[in-house]
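**Q** Just dropping this structure here.
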Amino acid sequence: MMNRDPGFSAHAHVASNFKIMRKRYIQYKKSKGSPFVLSPITFPKNFKDSLKYHFSHPRSELEYISKIRYKLSPNCCPLCGGFGSHTVDHYLPKASFPELTLYSLNLIPACACNSLRSNVTHGTPPHESTIHPYFDNGLDERLMKVIIQGVLLSDDVEIDFCALPCSIMHADKINFHIENVIRKSTAKYWMQGKWASLIRNPSSVITAIPDNSLHLSFPELVGYLNKMVADNDRSHGTPNNWYSMFFYGIGTDVALINWLVGHCNGIFDGTIDPMSF
Ligand SMILES: [Zn+2]
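Below is the structure:
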């Protein structure tokens with residue numbers, strides 16, 4: 004009867020490969036998760052299936068997987084900066100690196116970007132790989148911002164992301180991360196939604212604008228945007244959350260600020276009807 008217990012039989016397949024799993028994990032840890040150091044090796048299908056089973060049905064000794072999924076999750080996804088993080092992402096994908104399926108340093112709490120992101124782990128050495136939230140330094144710095152362009156009075160304004168200079172992390176890594184994680188996530192649609200709300204009711208999004216405001220100057224709007232950035236950096240514990248990327252992107256685009264000042268003042272003095280677009 005015990006042999007028919009999926010937990011038991013799964014365990015047997017794992018046990019026979021345990022030495023190599025451990026060896027690979029030590030290499031992973033030593034190389035700080037670098038996909039340039041660890042290249043995929045072939046494992047039997049039943050071994051892969053067993054690990055998949057253990058991952059989705061963690062036994063008591065694997066309780067940390069649920070903990071990563073639900074309890075350690077910060078209020079912001081460490082991969083893309085979005086909100087909510089109730090999945091567990093494998094930094095090195097389990098399809099190519101099944102032996103790392105259960106190891107905590109390869110498990111990252113993530114939002115839906117987990118299933119949208121590319122399984123591509125790296126580009127050209129030595130810097131093109133996605134950002135590793137546990138091993139890469141420089142995450143305290145602002146690494147990226149939004150770029151808003153195209154038809155501004157519309158629900159599908161053009162959204163893109165660009166890397167910012169970082170004193171620690173190489174620009175190639177940030178750009179690779181933008182290309183393979185951020186652009187594939189739902190960040191673009193979230194930003195379009197925020198922008199659509201902003202153009203109709205500016206102070207509902209830039210909440211630092213006082214309710215009784217009757218006129219905005221360029222420096223005033225910059226001040227409000229800076230406050231939004233600082234507040235969101237603090238409340239999310241990272242400058243790389245979607246709100247901060249959004250407000251920082253607007254607040255560093257002189258043409259966009261000028262346009263917004265005119266737009267807000269038009270709404271305030273009644274020459275622009277926010278219900279007309
Ligand atoms: Zn995410």
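Counting in our numbering, the sequence shown runs without a single skipped number right up to 280 at its last residue.
Heads up, the beta-carbon is just placed ideally off N, CA and C, and yes, glycines get one too.
For the alpha helix (DSSP H) that contains residue 168, what are its first and last residues?
**A** Looking at the DSSP string, residue 168 is not in any alpha helix (DSSP H), and its letter there is neither H nor E.
**Q** Taking the beta strand (DSSP E) that residue 113 belongs to, which residues open and close that run?
**A** Its beta strand (DSSP E) spans residues 110-113.
**Q** For residue 232, which residues of its own chain have a beta-carbon under 7 angstroms away from its beta-carbon, when the five flanking residues on both sides are left out?
**A** Contacts found: 247, 250, 251, 254.
**Q** In three-state DSSP terms, what is residue 269?
**A** Residue 269: helix per DSSP, three-state reduction.
**Q** Within 10 Å of its beta-carbon, does residue 331 have 16 or more other beta-carbons around it, so buried, or fewer, so exposed?
**A** Residue 331 lies beyond the residue range present for the chain, which begins at 4 and ends at 280; the question has no answer from this structure.
**Q** Under the three-state reduction of DSSP, which class applies to residue 37: helix, strand or coil?
**A** Three-state DSSP puts residue 37 in coil, outside helix and strand.
**Q** Once you ignore the five residues that flank residue 165 on each side, which residues in its own chain have a CB closer than 7 angstroms to its CB?
**A** Answer for residue 165: 147, 148, 150, listed in chain order.
**Q** Evaluate residue 84 with the Cβ neighbour count: other Cβ atoms within 10 Å of its Cβ, from every protein chain shown; 16 or more gives buried, anything less gives exposed.
**A** Buried: at least 16 other Cβ atoms inside 10 Å.
**Q** What does the alpha-carbon distance come out to for the pair residue 115 and residue 21?
**A** Spanning the two alpha carbons is a distance of roughly 31 angstroms.
**Q** Please state whether the Cβ-Cβ distance between residue 51 and residue 101 is less than 7 angstroms.
**A** In contact: residue 51 and residue 101 (Cβ atoms closer than 7 angstroms).
**Q** Identify, in the order they occur along the chain, each residue of the same chain with its Cβ nearer than 6 angstroms to the Cβ of residue 19, setting aside the five sequence neighbours on each side.
**A** Taken in chain order, the list of residues that qualify is empty.
**Q** Can you list, in chain order, the residues of its chain whose CB lies under 6 angstroms from that of residue 270, leaving out five sequence neighbours each side?
**A** The answer, listed in chain order, is 277.
**Q** Can you check whether the CB of residue 130 is closer than 7 angstroms to the CB of residue 187?
**A** Against a cut-off of 7 angstroms, the Cβ pair of residue 130 and residue 187 comes out as no contact.
**Q** Taking just the CA atoms, how far does residue 145 sit from residue 4?
**A** Only weak support exists for where residue 4 lies, its pLDDT of 36 falling under 50; the coordinates are left without a value.
**Q** Quick one: residues with CB closer than 6 angstroms to any heavy atom of ligand 1, in chain order, please.
**A** Here the list is 80, 82, 83, 85, 113, 114, 116, 188.
**Q** Taking C-alpha atoms, which residue in 204, 243, 272, 108 lies nearest to residue 86?
**A** With distances taken between Cα atoms, residue 86 lies closest to 243.
**Q** Apply the 10 Å Cβ neighbour rule to residue 23 and answer buried if 16 or more other Cβ atoms are within range, or exposed otherwise.
**A** Exposed, since its Cβ has fewer than 16 Cβ neighbours within 10 Å.
**Q** Which residue from 182, 173, 268, 258 puts its Cα closest to that of residue 120?
**A** If we check each option's Cα against that of residue 120, 182 comes out closest.
**Q** So what does DSSP say about residue 274, is it helix, strand or coil?
**A** Three-state result, residue 274: coil.
**Q** So the candidates are 174, 217, 154; which of them puts its Cα closest to the Cα of residue 134?
**A** Checking every option, the nearest Cα to that of residue 134 belongs to 174.
**Q** Between which two residues does the beta strand (DSSP E) carrying residue 93 extend?
**A** Residues 90-93.
**Q** Does the Cβ-Cβ distance between residue 118 and residue 125 come in under 7 angstroms?
**A** No, the pair does not count as a contact, with Cβ atoms beyond the cut-off.
**Q** Under the three-state reduction of DSSP, which class applies to residue 6: helix, strand or coil?
**A** Only weak support is given to the placement of residue 6: the predicted model assigns it a pLDDT of 43, under 50, and the question is left unresolved by the model.
**Q** Assuming residue 212 and residue 222 are in contact, meaning their beta carbons sit under 8 angstroms apart, how far apart are those beta carbons, in whole angstroms?
**A** With a Cβ gap of about 13 angstroms, residue 212 and residue 222 do not count as contacting.
**Q** What residues match up with residue 162 in a beta bridge as DSSP calls it?
**A** Beta-bridge pairing links residue 162 to 151.
**Q** What does the alpha-carbon distance come out to for the pair residue 14 and residue 228?
**A** Near 54 angstroms, if we compare the C-alpha coordinates of residue 228 and residue 14.
**Q** With residue 58 as the anchor, note down where its alpha helix (DSSP H) starts and where it stops.
**A** 48-59 is the extent of the alpha helix (DSSP H) around residue 58.
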